[in-house]
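Step one of this worksheet: look at the structure below.
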Amino acid sequence: MSANLPSVASDLLGWYDRHARELPWRAPPGTPPPDPYRVWLSEVMLQQTQVATVRPHFERWVARWPDFARLAAADDAEVMAAWAGLGYYARARNLLKGARAIVSDHGGRLPDSEAALRTIPGIGDYTAAAIAAIAFGRRAVVVDANVERVVARLAAIDTPLPAAKPAIRAATDAITPDAHAGDFAQAMMDLGSTICTTRAPRCLLCPIARHCRALAAGVPDRFPVKPTKRARPVRHGTMFWLERDGAVLLVRRPARGLLGGMRALPTGPWSDAPPGLADAPAEADWRISPATSEHGFTHFTLVSALASAVIDGHIAVADGEWWPIAQIESAGLPTVFAKAAAMFEGMRE
DNA sequence: GAGCCGTGGAG
DNA sequence: TCTCCAAGGCT
């Protein structure tokens, strides 16, 4: 790295003093750190999830479970339902495991070292560093996707990801100051999300533009270099809407894997061809809607047929719970099922 | 290491 | 409309 890089930190911190975003989990620049519980919760919610999506969930969550002890004592099903819509549901399972580990193994307080933090479920390299810096003021090298982008441009690192990660981490280490660790980390992330954006970076507004090698070369958006991705395949399935006395049959998905642990509509297998009524939850007079539901997951697109039936109480039904349709919003359905449920409800009238 | 794991916003 | 991808972690 060039010799002037340490001044990157002072330029960036000066900018952050003036432009830091006000966020419910954040302390203003230069003030004491916020409650570690709020830092931890926000960091987990923010994993692969944008600020605008997290904010309302965060507010509701801290009102309901304001500390580690309260969350550790919470009911699993309620926690999973509260996470509905946020995605990556393993985070909710790990959040609960994490809260219980903090209570049982750490006296109800978050440890302040990266190594100890990393032993807690749901906390990896990034989150451990972020918590250590933001909640405890420790110097830590915090590298998320924003920092990767900022630093890859700053140093014009042209090695493709993920092979570039060690070089990016070293370059980040070189510009990370000993003091104001939390502010520095958050300033880098604010910069990445508002100025040094993936597409069309606003270099004219950038407080560290004078240090940027990618900009000097005239190609800031060429970094970081990313590998090409495979196209998402399409998979087909069927969702079942089984109605009885104003209630609909919901099931709980297996604890692991896609949508693991979440309440759901019954589904058949997901496969290359439409599976029809395979694995229907009951023998019934199923009506297949002419409409289908489409939903994009991370690594495939699901196209679902919509099968509905109304039964009386005398028909044998697979396991599940009858949920009042009028209160379907409170079931905590993942978005893929909430969308389908809305379509089924529209078909009832 | 590479694949799995959601969702909504931006362009 | 469609593609890309975001405050990653786990296996």
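In terms of UniProt numbering, the first sequence opens at residue 1 and continues consecutively. Think of the CB as a built atom: it goes at the ideal place given N, C-alpha and C, for glycine as much as any other residue.
Beta-carbon gap between I157 and I168 smaller than 8 Å: yes
Status (buried if at least 16 other CB within 10 Å, exposed otherwise) for Q327: exposed
Residues near E321 in its chain [Cβ-Cβ closer than 7 Å; skip 5 each side]: L250
Under 8 Å between C-beta atoms of R100 and A82: no
L161 to F223 span [Cα, whole Å]: 10 Å
Cβ neighbours of R118 in the same chain (closer than 6 Å, five flanking residues each side left out): A128
Sufficient close CB pairs (3 or more, under 8 Å) joining the stretch 303–320 to the stretch 224–240: yes
Cβ shell of E114 (< 7 Å), same chain only, five flanking positions each side left out: A128, A129, A132 and A140
Reduced DSSP category for F58 - H, G, I as helix; E, B as strand; rest coil: helix
Among C203, P33, G346 and A342, nearest to F184 - alpha-carbon criterion: P33
Whole runs of the alpha helix (DSSP H) within the UniProt domain "HhH-GPD" (45–194), excluding any shorter than 4 residues: 51–64, 68–72, 76–83, 90–105, 114–118, 125–136, 145–154, 165–175 and 181–194
Cutoff 7 Å; reference L259; Cβ partners in own chain excluding five residues on either side: Y89, R253 and P334
G261 vs M80 beta-carbon contact at 8 Å: yes
G182 to A20 span [Cα, whole Å]: 12 Å
Per DSSP, the bridge partner or partners of S293: S304
M343 versus R93 - alpha carbon distance: 29 Å
Which residues DSSP lists as bridging T238, in chain order: A305
Proximity winner among A331, Y126 and C196, relative to A264 (alpha-carbon distances): A331
Contact the stretch 14–28 vs the stretch 190–198: 3+ CB pairs below 8 Å: yes
Extent of the continuous alpha helix (DSSP H) to which V336 belongs: T335 to R348
Cross-strand partners of I288 (DSSP beta bridge): A307
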